[in-house]
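Following: one structure in structure tokens, then a few remarks.
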Amino acid sequence: MQLLGSCKVKNACVWCALDGKNIYIARARNACMVLEALVSPESAVKSPWKIVVLGFVFAVLAVLVAYYSGLESTGVILVGLASIAAMPLMLSMVNYDVGWYEEQRFLGSRTLARHLPIVVVLAALFLGLTIGFLAWNLALSPVEAQSVFDIQSKEVAAVAYMFQGHVLTFEQAFEKLFLHNLGVLVLITIFSIAYGAGSIAIITWNSSVIAVFLSAIARNAGGEYGLFTGLSAGILGIIPHGSFELAAYLVAALAGGVLSSGLLRRKELGGRLIIVLHDGAKLLAVGVLLLAIGAFIESNAIIFG
-5 MQLLGSCKVK NACVWCALDG KNIYIARARN ACMVLEALVS PESAVKSPWK
45 IVVLGFVFAV LAVLVAYYSG LESTGVILVG LASIAAMPLM LSMVNYDVGW
95 YEEQRFLGSR TLARHLPIVV VLAALFLGLT IGFLAWNLAL SPVEAQSVFD
145 IQSKEVAAVA YMFQGHVLTF EQAFEKLFLH NLGVLVLITI FSIAYGAGSI
195 AIITWNSSVI AVFLSAIARN AGGEYGLFTG LSAGILGIIP HGSFELAAYL
245 VAALAGGVLS SGLLRRKELG GRLIIVLHDG AKLLAVGVLL LAIGAFIESN
295 AIIFG
């Protein structure tokens, strides 16, 4: 994908020229206000299922636009479109989290109690995006799906190749998995701190890759056992380690966003800034621990499963 023109913001709209064609992504202020009014942070915390539906809609519309755009690298375009759509929600959730403090405990920790509701909302968004991308993968023919999700298909193949004849011991598998996932976590944290809600792009990317992975398993097993059985097997296979990895990424995204928002609002927060910084650092440590647990489980599955 080649950027031929610069992006400009005018009258709350974003214009870009890609591959000689114009893409107009309407980002009107009123539309954002309607979105936030429909699903406010308070509503999202109370009813995460609304965010699942919202994420599904974002993914379906993003693929629809990318599919009919006639442009190359549709896999990149659909991730970008879904990320742009989800960014206002991500920003509102991070800002809501920074200003929300509870004295109750979760697993003995006030930090986890304060931020767990927001992590649940982000997980709901991830789930909705994954379901939307997966629905498109299964609805399209295998050839069309590989064409639309081109870069995602290459990523799935690259990850599979990483363990074909290259891993001999549990320690090697753990090291490869942990370092690979740690790199993703670091990127998410950096994007969150630098751009506030910038990590949503990486989260959306991961949801699209998982959707391609699950659809591949469903199709491969579908011929013998049926599509539903193959899909169920893929989901059950990814849940044990994937749940920890997803939690780690979401915690890192929230930690970076909290640190970024807290530093920008340091005068408003006053003495509470110390709590924000402490929570951000603590959340990052939790994220690394969750990654280690996920890598341990997945390494066992690869070597001994």
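Counting from 1, position 227 in the sequence shown corresponds to residue 221 in my numbering; the numbering is continuous, with no gaps.
For each residue, glycine too, the CB sits at the ideal point set by N, CA and C.
Predicted model only: the values in this text are computed from it and were never measured.
Minimum C-alpha distance to residue i - residue among the options
i: MET247; options: LEU257, PHE290, SER193; result: According to the sequence as given, residue 247 is Ala; it is not Met. Looking at the Cα atoms, SER193 is the closest of the given residues.
i: PRO82; options: LEU173, ILE197, SER34; result: SER34
i: ASN175; options: ALA227, MET84, LEU134, ILE197; result: ILE197
i: GLY250; options: VAL280, THR223, GLY69; result: VAL280
i: THR68; options: ALA129, LEU181, GLN146; result: GLN146
i: ALA117; options: LEU257, LEU244, VAL150; result: LEU244
i: GLY49; options: ILE125, GLY256, ALA151, ASN131; result: ILE125
i: ILE232; options: ALA295, ALA76, ARG213, GLU149; result: ALA295
i: TRP130; options: SER209, SER77, LEU110, GLU149; result: SER209
i: LEU121; options: SER293, VAL47, MET156, LEU283; result: VAL47
i: ALA212; options: GLY177, ALA227, TRP199; result: ALA227
Cα-Cα separation, residue i to residue j
i: ALA139; j: ILE71; result: 14 Å
i: GLU165; j: ALA289; result: 10 Å
i: SER63; j: ALA79; result: 17 Å
i: ILE268; j: PHE238; result: 28 Å
i: LEU277; j: TRP43; result: 24 Å
i: LEU225; j: ARG259; result: 45 Å
i: MET87; j: HIS235; result: 26 Å
i: PHE127; j: THR223; result: 19 Å
i: SER305; j: SER141; result: Residue 305 lies beyond the stretch modelled for the chain, which goes from -5 to 299, so this question has no answer here.
i: LEU179; j: ALA242; result: 7 Å
i: ALA20; j: GLU169; result: Residue placement at ALA20 is flagged as unreliable, the pLDDT there being 39, under the threshold of 50; the coordinate-derived value follows with that caveat. Approximately 44 Å between the Cα atoms of the pair.
i: SER37; j: ILE297; result: 44 Å
i: ALA195; j: ALA154; result: 23 Å
Any non-hydrogen atom of the ligand ADP closer than 7 Å to residue i Cβ
i: LEU284; result: With respect to the ligand ADP, the structure shown offers nothing to examine, as it has no ligands at all.
Backbone secondary structure at residue i - three-state DSSP
i: VAL33; result: coil
i: GLY220; result: coil
i: PHE143; result: coil
i: ARG108; result: helix
i: THR163; result: coil
i: SER209; result: helix
Inter-residue CB distance, residue i and residue j (contact presumed, cutoff 8 Å)
i: VAL73; j: SER202; result: 6 Å
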